[in-house]
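Just below is one structure, and these are the notes that go with it.
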Amino acid sequence: MQWVTVLRTASSWTQHLPVQFRILRLLSNHLPNQVTEVAEKQLSHQQNAGASKRNPILKVPKGTRDFSPLQMAIREKIFSTIISCFKRHGAMTIDTPVFELKELLQENYGEEAKLIYDLEDQGGEMLSLRYDLTVPFARFLAMNKIKRCKRYHIAKVYRRDSPSIKKGRFREFIQCDFDIAGQYDPMIPDAECLKVMHEILTALQVGDFLIKINDRRILQGIFTICGIPEIKFERLCSTLDKLDKISWEEVKNEMILEDGISPECVNCISEYVQLHGGPGLIEKLLKDPKLVQNRLAMEGLVDMKLLFEYLTLFGIIDQVSLHLSLARGLAYYTGVIYEAVLLCHKHSHLNESLNLRSVAGGGRYDELVAKFDSRGHKVPCVGLSIGVERLFSIIEQNNEMSKQKIRT
């Protein structure tokens, strides 16, 4: 009876407290104060934890972002321009799963494989999010026994990279790919891919740009005559590919300290990879006393000479240059490789933190399809990828500077 009286008396001033909390208050007259305080703290902690669950921190995952209607209007205009060019060149679109079997991806990216997102085991299959659209395309060709086609594919890819929105580097982003698969006369598909890249960058009006070209065979020949073992070729290509992020001196130090290359070999490489130019440079290299002794280098230079002749006929030679430092870090490239970069002096009004590195790239990968074919049948392929996220960042800033109105 005494407890009932106590509870009834307290009910008028405890209505606003949680039931457990009110009971603790009432029992405090009969329990040691220390025990009561501990219990109250535990209940308070539980209540705060519950509030935290009800009100999570609202943000997008690192390396991703949302787009407003105004931003989407800009992006849709970019996609429309790109797709129109792809279709003019006879490409048809396909789609592939956003994730692939882990084993199909891990073996085809060399040093870049560490950036692949792996998924948990689902039903006995080890899966990974696609790193790019090229390897899934090669798998698609092999599975469907396709020997010749032109395709374009616009979709999201995922990389476990160090994100930097200001530099246009994300963990989730869209790639716009154009590829030509099949046997053609030498350098014709390669020249068409470069023509497509040139048309798109011109149509987007992002300013002056330069398309850097090289050939993996030329690069491998240079490494060989400089005494670099073949086993280190892919590793050095990944190191050399960092030249758009760090200086040549830093790259040299990494080759010596991390890749285990002697200073003499690095100095030999330096004599070649700092060269760049046009048809004149190609003729000079074709007569180089060291390179003429290397079959791979000569094959690459002969094809490069033919490619420049086609690019002259296409009228785009002024925006193209042979750069022997260009490496493209992905392991599946076998021949011609290329990257388009914006010329920074034409974009001085842009945010200084916006790193105007590569906005498009690609190359030849003649052996990739054979890796997925049970009989090892090769399907020669060459393609390109447009870096939409970096182009969007630049175009968005250009629009802000010019106060251009975009209809939504």
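Numbering (the numbering used here), first residue to last: 3 to 410.
Every residue gets a Cβ at the ideal spot worked out from N, C-alpha and C, and that includes glycine.
Compute the Euclidean distance between the alpha carbons of R219 and I84, then round it to the nearest angstrom.
Approximately 30 Å between the Cα atoms of the pair.
Tell me, please, whether the CB atom of R132 is closer than 9 Å to any CB atom in chain E?
Note that chain E does not occur in the displayed structure, where there is just one protein chain.
Taking all protein chains shown into account, do 16 or more other C-beta atoms lie within 10 angstroms of the C-beta of G1, making it buried, or fewer, making it exposed?
Any property of residue 1 remains undetermined from this structure, which presents the chain solely from 3 to 410.
Does the beta-carbon distance from A144 to V390 come in below 9 Å?
no
Are at least three pairs of beta-carbons, each pair with one atom in the segment 360 to 375 and one in the segment 327 to 337, less than 8 Å apart?
Enough Cβ pairs lie closer than 8 Å, so yes.
From the DSSP output, in three-state form, read off A342 for me.
strand
Per DSSP, T95 is paired with what?
According to DSSP, which records beta bridges pairwise, T95 is partnered with Y154.
For E102, list the residues DSSP reports as bridge partners.
S130
For Q177, the three-state DSSP class (helix, strand or coil):
strand
Using DSSP with H/G/I as helix, E/B as strand and the rest coil, what is R218?
Assigned with DSSP and collapsed to three states, R218 falls in helix.
Can you give the beta carbon distance from L345 to L196, rounded, assuming they're within the 8 Å contact cut?
17 Å between Cβ atoms; not a contact.
Assuming I397 contacts I80 under a Cβ cut-off of 8 Å, what Cβ separation, rounded to an integer in Å, is found between them?
That belief holds up - the Cβ atoms of I397 and I80 are roughly 7 Å apart, short of 8 Å.
Reducing DSSP to helix, strand and coil, say where L298 ends up.
In this structure, L298 counts as helix in the three-state DSSP scheme.
Three or more C-beta pairs under 8 Å: does that hold for the segment 292 to 312 against the segment 252 to 264?
Of all C-beta pairs linking the segment 292 to 312 to the segment 252 to 264, fewer than three are shorter than 8 Å, placing the two stretches out of contact.
Looking at the strands, I want to know which residues DSSP matches up with D120.
S130
On the CB-based measure, 16 or more other CB atoms within 10 Å of its CB, does F69 come out buried or exposed?
exposed
Taking the straight line between their C-alpha atoms, what separation do you get for E232 and H278?
24 Å
Tell me which residues share the same chain as H347 and place their Cβ nearer than 8 Å to its Cβ, disregarding the 5 neighbours each side in the sequence.
With a pLDDT of only 46 at H347, under the threshold of 50, the placement of this residue in the model should not be trusted, and no figure is reported.
Please work out which residues of its chain come closer than 7 Å, Cβ to Cβ, to P138, disregarding the five sequence neighbours upstream and downstream, and give them in chain order.
Answer for P138: T98, E102, R132, listed in chain order.
Using only the heavy atoms of the ligand FMN, determine whether one of them is closer than 8 Å to the beta carbon of L131.
The model on display carries no ligand, and the ligand FMN is accordingly not part of it.
By DSSP's criteria, L328 is part of a beta bridge. Which residues make up the other side?
DSSP, once it has assigned bridges, lists no residue as partnering L328.
Quick one: Cα of Q108 to Cα of D305, how far?
31 Å
Neighbour-count burial assignment, T204, 16 or more Cβ in a 10 Å radius
exposed
From T66 to I59, what distance separates their C-alpha atoms?
16 Å
Out of F394, G364, F374, L283, which has the shortest C-alpha to C-alpha gap to D192?
G364
What are the boundary residues of the alpha helix (DSSP H) that R141 is part of?
136 to 145
By the three-class DSSP mapping on this structure, what secondary structure does R90 have?
helix
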